[in-house]
DNA sequence: CTTGGGACCTGGCTGC
DNA sequence: TGCAGCCAGGTCCCAA
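Residue numbers (our numbering): 3 to 273.
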């Protein structure tokens, strides 16, 4: 599942291959992939454009183009970007060719991913909250944000309009590390609990970036290698398995209709 | 306005 | 073996 560490890894590994290059040819294999404009217009406006820079914002990947348009991609759950893979393989929804001969494939079995070509990327990412790893996201910001919402802390952490970048699995990992029950209401947390969550979020995400993301499902790096962050998971996707701290079986519940894993002994609480 | 839950999508896995 | 049903989940949309 591409969350912040996965998209950040993709950005870093794509960057040296595409920045400074121009798009020479595009093949769209799934008409649903491009949002807002026709395939014809998409290709006409994009072909010949040089990639000026590559940026991650939340879980969005933004290719800034020389003419100030932006090519924006969201991989959603099963999207991956592959550089010069051997063969083509299944589930490829688009192929981009670059002036240096590189081919970039958008592979996406569940077909949730979306691509936009927009004049201003802010129209898409402007509603996101502060970047979770940026200097703007301070403990004080988290305290103020959480105090305004009477919703489960797990739901608050994955709400991109509150904080940009945290997804389902890393929210579970951060709450495990902070020993907070996922259903505890955001506005009922103590200052100390919130500060623990803040530290845990940053640590979990930085560690996952160092591990090049978590290959729990379809995620692979652009070169095809797996990430290794999932080997460090203590709660996420470990239903029924022993808690690494106390041995109690990790429990799975639904929070906002999303599978949520936690240790009922280390993260006591409420419901 | 706030909060909660379903829809979208499909491959892989489990259990009868 | 075959098949129904569950599970993965980011974001949008609608209902209470």
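Glycine included, every Cβ here is placed at the ideal spot set by N, Cα and C.
From the options, residue whose alpha carbon lies closest to that of residue i
i, options, result
"residue 60", "26, 127, 105, 46", "127"
"residue 67", "84, 79, 47", "47"
"residue 175", "89, 207, 32", "207"
"residue 266", "257, 245, 188", "245"
"residue 55", "72, 118, 102", "72"
"residue 104", "171, 250, 18", "18"
"residue 231", "212, 77, 125", "212"
"residue 247", "264, 137, 9", "264"
"residue 94", "171, 31, 261, 240", "31"
"residue 110", "122, 92, 125, 100", "92"
"residue 49", "116, 151, 13, 99", "99"
"residue 255", "268, 241, 118", "241"
"residue 250", "268, 262, 70, 13", "268"
"residue 136", "58, 233, 120", "58"
"residue 120", "63, 138, 88, 155", "63"
"residue 108", "123, 76, 262", "76"
"residue 122", "28, 69, 88", "69"
C-alpha gap between residue i and residue j, whole angstroms
i, j, result
"residue 179", "residue 38", "41 Å"
"residue 252", "residue 11", "29 Å"
"residue 52", "residue 4", "26 Å"
"residue 153", "residue 190", "10 Å"
"residue 186", "residue 243", "23 Å"
"residue 195", "residue 173", "15 Å"
"residue 188", "residue 205", "20 Å"
"residue 236", "residue 43", "47 Å"
"residue 106", "residue 26", "12 Å"
"residue 234", "residue 209", "9 Å"
Spatial neighbours of residue i in its chain, beta-carbon cut-off 7 Å, leaving aside the 5 residues before and after
i, result
"residue 270", "183"
"residue 157", "257, 258"
"residue 102", "23"
"residue 273", "Residue placement at residue 273 is flagged as unreliable, the pLDDT there being 45, under the threshold of 50; a coordinate-derived value is accordingly withheld."
"residue 15", "223, 224, 225"
"residue 151", "158, 188, 189"
Residues near residue i in its chain [Cβ-Cβ closer than 8 Å; skip 5 each side]
i, result
"residue 168", "5, 6, 134, 159, 160, 176, 203, 207"
"residue 33", "41"
"residue 21", "53, 54, 55, 56"
"residue 114", "78, 79, 80, 81"
Sequence-distant residues of its chain with Cβ nearer than 6 Å to residue i (five each side left out)
i, result
"residue 162", "60, 130"
"residue 165", "131, 134"
"residue 2", "Residue 2 lies beyond the stretch modelled for the chain, which goes from 3 to 273, so this question has no answer here."
"residue 2", "The first residue shown for the chain is 3 and the last is 273, placing residue 2 beyond what the model contains."
"residue 112", "79, 80"
"residue 35", "95, 96, 117"
Proximity test, residue i beta-carbon vs the ligand COA heavy atom, cut-off 7 Å
i, result
"residue 169", "This structure lacks the ligand COA; in fact it carries no ligand of any kind."
Just checking, does the stretch 211 to 227 make contact with the stretch 82 to 89 on the three C-beta pairs under 8 Å criterion?
yes
Notebook entry, point to check: Which full runs of the beta strand (DSSP E) of 3+ residues lie inside the stretch 154 to 197, going along the chain?
Noted result: none
Whole runs of the beta strand (DSSP E) within the stretch 80 to 123, excluding any shorter than 3 residues: 82 to 85, 94 to 100, 105 to 109, 116 to 120
- [ ] Spell out a yes or no on whether the stretch 205 to 220 and the stretch 138 to 149 are touching, meaning 3 or more CB-CB pairs, one atom from each, closer than 8 Å.
- [x] no
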